[in-house]
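Engineer:
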Amino acid sequence: MTEITYEHISVQPFALVALEKLEITKKINEHGTLYLTGKVPQDSKDSYIDMAKFGTVVEVIQKKDEQTEVLFCGILSDISIEKVQDVYYLSLHAKTATYFMDTTLKSRSFQNLSMTYATLTQNIVSEYTKGDVLFMEQDTPLNYFTLQYRETDWAFLKRMASRYNQGLYPDFKHANAKFFFGVPNINNNAVLDEQVFSVKKNLGDYIYMSANYIAGVTNIDFISFEVESYKQLELGEQVMFRELNLFVKDVFMYLKNGVLVNRYHIVSRDGLKQKYFENQKIQGVSIAGNVIATQQDKVKVHIHEIDKSQDVGTACWFPYSAMYASEDGSGWYCMPEMGDDVRIELPNTNEGDAFAVSSVSKYVSDDPDPKMDRMGDPKVRYIRNPEGMEMTMTPQQVILTSGGAGTVVMDEAGNINIDAANQIVIKANKDIMLVAGDTIKVTATNNINMKCGMAEINLDNAGVTQIKGNEVYNN
0 MTEITYEHIS VQPFALVALE KLEITKKINE HGTLYLTGKV PQDSKDSYID MAKFGTVVEV
60 IQKKDEQTEV LFCGILSDIS IEKVQDVYYL SLHAKTATYF MDTTLKSRSF QNLSMTYATL
120 TQNIVSEYTK GDVLFMEQDT PLNYFTLQYR ETDWAFLKRM ASRYNQGLYP DFKHANAKFF
180 FGVPNINNNA VLDEQVFSVK KNLGDYIYMS ANYIAGVTNI DFISFEVESY KQLELGEQVM
240 FRELNLFVKD VFMYLKNGVL VNRYHIVSRD GLKQKYFENQ KIQGVSIAGN VIATQQDKVK
300 VHIHEIDKSQ DVGTACWFPY SAMYASEDGS GWYCMPEMGD DVRIELPNTN EGDAFAVSSV
360 SKYVSDDPDP KMDRMGDPKV RYIRNPEGME MTMTPQQVIL TSGGAGTVVM DEAGNINIDA
420 ANQIVIKANK DIMLVAGDTI KVTATNNINM KCGMAEINLD NAGVTQIKGN EVYNN
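If you're matching positions, the sequence shown starts at 0 in numbering that gives the first Met the number 0 and goes up one per residue.
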C-alpha cells in the first residue's frame with residue numbers, strides 16, 4: 000500500500016491549516032481513542048470552541064486517488080485552543096460512540112435463566128439511538144441469576160463477554176454505539192511482509208489463563224509480534240505473517256515524519272482471549288425486594304430496590320435462608336408469605352450464589368397505648384402468621400392462640416389453661432391417665448357422660464344421676 004501523508008487526511012468538522020499530530024488507538028474492550036493537534040485559521044478559533052459539545056461527531060478521513068476511507072469516527076470528549084506566537088493550535092480528544100454506554104452506573108437484575116447472552120446484549124444496546132451489536136459467539140442461555148450492579152452498560156457487557164473468555168470490539172467508522180461481541184469475522188486475505196518486527200512471549204498470562212480459564216492453550220498462543228506497516232488493518236482482522244495465520248490484537252496509528260504509520264500487535268486466535276472477571280462491588284451487597292412466589296424452601300422475588308417490575312413466570316428461584324436447617328430436613332422451616340419484604344444477599348462476587356433472607360420489620364403500631372403495641376416490650380417474643388395463629392413467649396407465660404377460637408396458656412407457676420370456642424378432643428390409642436395430687440374437678444353446664452362398654456354414668460343439669468350397667472354395685 001502506498002504511503003498516506005498528513006496531506007491526505009482531513010478532520011471533520013474542523014478545517015485545519017495543517018495536521019501536526021495524529022494518534023488513533025484501537026484495543027479490545029476499550030473505546031477507540033483519537034488525539035490530534037493541528038493549526039487552525041485565526042478567524043475560526045472561537046467558533047470551534049463554541050460549536051464543541053458532548054456528542055459532537057469527529058471524523059478523520061483519508062482521501063487519495065479518488066478513494067475515501069474513514070480512519071476514525073467518534074464523539075468529541077475534550078478540545079482546547081492554544082496560541083503560540085501568532086499561530087493557533089487546536090488539540091482534541093475523541094472516543095468511539097461506544098463511550099455513550101460507559102457514562103452511567105446502573106443496577107438491575109436479569110432473572111430469566113432462559114434468556115440468552117445475545118438477547119441480553121441486544122436488549123441493552125437497543126436503549127441507545129441506532130445502537131447495534133454483532134454477536135459473534137455461540138449463543139447460550141444465562142442459566143443462573145445475573146446482576147448488573149453499579150456498572151455501566153459497557154462494563155457489564157465486558158463482564159458478560161469474559162464468561163466466554165472473549166472481549167468487545169468497538170466499531171471505529173460510525174457515529175453510533177456499535178460493536179462486536181467476540182472476535183469479528185474480518186478476512187480480507189491481508190498479508191504483512193515487513194522484515195522489521197519484534198516478538199514477545201507473555202508467560203505470566205499463559206500460566207494464569209491455562210491454570211484458571213482456558214483448557215488446551217499453549218505458550219505459543221501468548222506469543223505476540225509487533226509490526227509497523229503502511230497497510231491498514233482492523234482490530235481483530237485475520238492476517239498472514241511469516242506463514243502464520245494471526246489476528247490483530249491492537250492498533251496504534253500515528254504520524255511519523257508526516258506519514259501515517261500503523262503499529263500492530265498480532266497474535267494467534269487464542270491469544271485474543273480475555274480473562275474471566277467478576278464485579279467486585281457485589282460481594283456483601285444486600286438488595287431489598289418482596290416475595291412474589293414460594294415453593295418448598297425457595298422464593299421468587301421482585302427486587303424492587305433496583306427493578307421497576309418483575310414477571311413471576313420468568314423470575315428465578317432463590318434459596319431462602321432459615322435460622323437453622325440441616326441436610327436431613329430437620330431444623331427450622333418457616334417460609335415468608337406473598338408480599339413479604341425480603342433481601343437478596345450476595346455472599347461473594349458470583350451472582351449465582353445469591354439467596355434470600357428475611358428483612359427488617361416495617362411494623363408500626365396504630366394503637367396509642369404502648370401496652371397494646373405487640374413490639375412494645377423486647378422481652379415478649381412471638382411468632383404469628385397472617386391468619387392469626389400465634390405463639391407468644393413472655394417472661395412468665397407461653398401462650399398459643401388460634402385467631403381467637405382457642406387458647407392454651409402455660410405459666411411459670413405450673414398452671415395450664417386450655418380454652419376453646421368449640422371442642423377439646425383428647426384421644427389416645429392406649430391409655431389416658433388423669434392424676435392429681437389433690438383434686439380433679441369436672442364441670443359442665445348441661446351434661447357429664449362417662450361410658451365404658453355397656454356401663455354408663457350420666458349427670459345432667461336437673462340434678463339427675465343415671466348409672467347403667469349389666470350389674471350395678473352400690474356400697
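Just so you know, even glycine gets a beta-carbon here, dropped at the ideal spot from N, CA and C.
Express the C-alpha separation of GLU336 and MET409 in angstroms, rounding to a whole number.
Structural biologist: Reading the sequence shown from its first residue, position 410 is the one you call residue 409. Reading the sequence shown from its first residue, position 337 is the one you call residue 336. The straight-line gap from Cα to Cα measures roughly 29 Å.
Engineer: Might you give, ordered along the chain, the residues of its own chain that have their beta carbon closer than 6 Å to the beta carbon of PRO140, omitting 5 neighbours on each side?
Structural biologist: One-based indexing of the sequence shown puts residue 140 at position 141. Same-chain partners within the cutoff: SER113, THR115.
Engineer: So GLN165 and ARG107 are supposed to be a Cβ contact under 8 Å. How far apart are they, rounded?
Structural biologist: In the sequence shown, the residue the question calls residue 165 occupies position 166. In the sequence shown, the residue the question calls residue 107 occupies position 108. Contact doesn't hold; Cβ gap of about 23 Å is too wide.
Engineer: PHE501: buried (16+ other C-beta within 10 angstroms of its C-beta) or exposed?
Structural biologist: Past the boundaries of the shown model lies residue 501; the chain is included only from 0 to 474, so the question cannot be answered.
Engineer: For ARG158, tell me which candidate among ILE415, MET432, GLU277 has the shortest Cα-Cα distance.
Structural biologist: As a first step, residue 158 is located in the sequence shown; it is residue number 159 there, counting from the start. Nearest C-alpha to ARG158: GLU277.
Engineer: Assign LYS200 to one of two classes, buried (16 or more other C-beta atoms within 10 Å of its C-beta) or exposed (fewer than that).
Structural biologist: Stepping through the sequence shown from its first residue, residue 200 is reached at position 201. Exposed, since its Cβ has fewer than 16 Cβ neighbours within 10 Å.
Engineer: Look up MET432 in the DSSP assignment and give the residues it is bridged to.
Structural biologist: Stepping through the sequence shown from its first residue, residue 432 is reached at position 433. Paired residue(s): none; MET432 is not in a bridge.
Engineer: So, helix, strand or coil for PHE13, using DSSP?
Structural biologist: The residue labelled residue 13 in the question sits at position 14 within the sequence shown. Coil, per DSSP.
Engineer: Check this for me: beta carbons of ALA292 and PHE317, under 8 Å apart or not?
Structural biologist: Position 293 of the sequence shown holds residue 292. Position 318 of the sequence shown holds residue 317. Cβ atoms of ALA292 and PHE317: not closer than 8 Å.
Engineer: On a Cα-Cα basis, can you pick out the residue from GLU304, VAL290, TYR263 that is closest to ASP339?
Structural biologist: Taking the sequence shown and counting its residues from 1, the one referred to as residue 339 is at position 340. Among GLU304, VAL290, TYR263, the Cα nearest to that of ASP339 is on VAL290.
Engineer: In its own chain, which residues sit with a C-beta less than 7 Å from the C-beta of GLY257, not counting the 5 before and 5 after it?
Structural biologist: By one-based count along the sequence shown, residue 257 stands at place 258. Hits under 7 Å: THR4, TYR5.
Engineer: GLY452: which of LYS467, THR444, ASN445 sits nearest, CA to CA?
Structural biologist: Along the sequence shown, read from residue 1 onward, the residue named residue 452 stands at position 453. Looking at the Cα atoms, LYS467 is the closest of the given residues.
Engineer: Looking at ILE80: is its Cβ nearer than 8 Å to the Cβ of THR55?
Structural biologist: Translated into the one-based positions of the sequence shown, residue 80 becomes position 81. Translated into the one-based positions of the sequence shown, residue 55 becomes position 56. In this structure, THR55 does not lie closer than 8 Å to ILE80 by Cβ.
Engineer: Cα separation between THR313 and TYR143?
Structural biologist: Counting from 1 along the sequence shown, the entry for residue 313 is found at position 314. Counting from 1 along the sequence shown, the entry for residue 143 is found at position 144. The straight-line gap from Cα to Cα measures roughly 12 Å.
Engineer: Which value, in whole angstroms, describes the spacing of the CA atoms of PHE71 and GLN84?
Structural biologist: Along the sequence shown, one-based indexing puts residue 71 at 72. Along the sequence shown, one-based indexing puts residue 84 at 85. Rounded to the nearest angstrom, the two C-alpha atoms are 31 Å apart.
Engineer: I'd like the span of the beta strand (DSSP E) that includes VAL179, first residue to last.
Structural biologist: What you label residue 179 is simply residue 180 of the sequence shown in a count that begins at 1. In the sequence as presented, Val is not what sits at residue 179; that position holds Phe. Residues 177-180.
Engineer: Kindly indicate which three-state DSSP category ILE423 falls into: helix, strand or coil?
Structural biologist: For the purposes of this step, residue 423 is identified with residue 424 of the sequence shown, where counting begins at 1. ILE423 falls in the coil class under three-state DSSP.
Engineer: Taking buried to mean at least 16 other C-beta atoms within 10 Å of its own C-beta, is LYS248 buried or exposed?
Structural biologist: Along the sequence shown, one-based indexing puts residue 248 at 249. By the 10 Å Cβ count, LYS248 comes out buried.
Engineer: Does DSSP put VAL363 in a helix, in a strand, or in coil?
Structural biologist: For this step, residue 363 is matched to residue 364 along the sequence shown. DSSP places VAL363 in coil when its eight states are reduced to three.
Engineer: If we ignore side chains and look at the alpha-carbon of each, how far apart do GLU29 and GLY288 end up?
Structural biologist: Taking the sequence shown and counting its residues from 1, one reaches residue 29 at position 30. Taking the sequence shown and counting its residues from 1, one reaches residue 288 at position 289. One C-alpha to the other measures close to 35 Å.
Engineer: With a cut-off of 8 Å, do at least 3 Cβ pairs link the region 241-255 to the region 116-136?
Structural biologist: Taking 8 Å as the limit for Cβ pairs, the verdict is that the region 116-136 does not touch the region 241-255.
Engineer: Which residue comes first and which comes last in the alpha helix (DSSP H) that contains MET121?
Structural biologist: What you label residue 121 is simply residue 122 of the sequence shown in a count that begins at 1. In the sequence on display, residue 121 carries Gln and not Met. It spans 116-124 - the alpha helix (DSSP H) in which GLN121 sits, taken as one unbroken run.
Engineer: My output table needs one value for GLN295: the three-state DSSP class, helix, strand or coil.
Structural biologist: The residue labelled residue 295 in the question sits at position 296 within the sequence shown. Coil.
Engineer: Answer yes if the region 388-396 comes into contact with the region 344-358, meaning at least three C-beta pairs across the two stretches below 8 Å, and no otherwise.
Structural biologist: Cβ pair count under 8 Å is below three, so no.
Engineer: Give me whichever residues DSSP pairs with TYR263 in a beta bridge.
Structural biologist: Looking up residue 263 in the sequence shown gives position 264. Its beta-bridge partners are VAL226, VAL250.
Engineer: Which residues bound the beta strand (DSSP E) around ASP459?
Structural biologist: To locate residue 459, count along the sequence shown from 1; it is residue 460. Here the beta strand (DSSP E) through ASP459 covers 454-459.
Engineer: Count Cβ pairs between the region 279-288 and the region 162-177 that sit closer than 8 Å; are there 3 or more?
Structural biologist: No, because fewer than three Cβ pairs between the region 279-288 and the region 162-177 fall closer than 8 Å, the two stretches do not touch.
Engineer: How about ILE466: is its Cβ closer than 7 Å to a heavy atom in the ligand ADP?
Structural biologist: The ligand content of the structure shown is nil, which means the ligand ADP is not present either.
Engineer: Excluding the 5 residues flanking HIS303 on each side, which residues of the same chain have their C-beta closer than 7 Å to its C-beta?
Structural biologist: Indexing the sequence shown from 1 puts residue 303 at position 304. Hits under 7 Å: ALA287, GLY288, ASN289.
Engineer: Which residues bound the alpha helix (DSSP H) around LEU158?
Structural biologist: As a position in the sequence shown, residue 158 is number 159, starting the count at 1. In the sequence under discussion, the amino acid at residue 158 is Arg, which differs from the Leu named in the question. Counting along the chain, the alpha helix (DSSP H) containing ARG158 begins and ends at 152-161.
Engineer: Could you work out which residue in ASN122, ALA14, LEU119 is closest to TYR87 when comparing CA atoms only?
Structural biologist: Position 88 of the sequence shown holds residue 87. The shortest Cα separation from TYR87 among ASN122, ALA14, LEU119 belongs to ALA14.
Engineer: To which residues of the same chain is PHE109 closer than 8 Å at the C-beta, ignoring the five residues directly before and after it?
Structural biologist: Taking the first residue of the sequence shown as 1, we reach residue 109 at position 110. If we look at PHE109 and ignore the five residues flanking it on each side, its Cβ neighbours are LEU119, LEU141, PHE144, THR145, LEU146, GLN147.
Engineer: Would you mind sorting GLU68 into buried or exposed? The rule is 16 or more other CB atoms within 10 Å of its CB.
Structural biologist: If you number the sequence shown from 1, residue 68 lands on position 69. That one is exposed.
Engineer: For SER228 versus LEU191, is the C-beta distance shorter than 8 Å?
Structural biologist: The count along the sequence shown starts at 1 and reaches residue 228 at position 229. The count along the sequence shown starts at 1 and reaches residue 191 at position 192. Closer than 8 Å, so yes.
Engineer: Round the Cβ separation of SER267 and ILE206 to the nearest angstrom and send it over; I've been treating them as touching at under 8 Å.
Structural biologist: Stepping through the sequence shown from its first residue, residue 267 is reached at position 268. Stepping through the sequence shown from its first residue, residue 206 is reached at position 207. Not really, about 17 Å apart at Cβ, beyond 8 Å.
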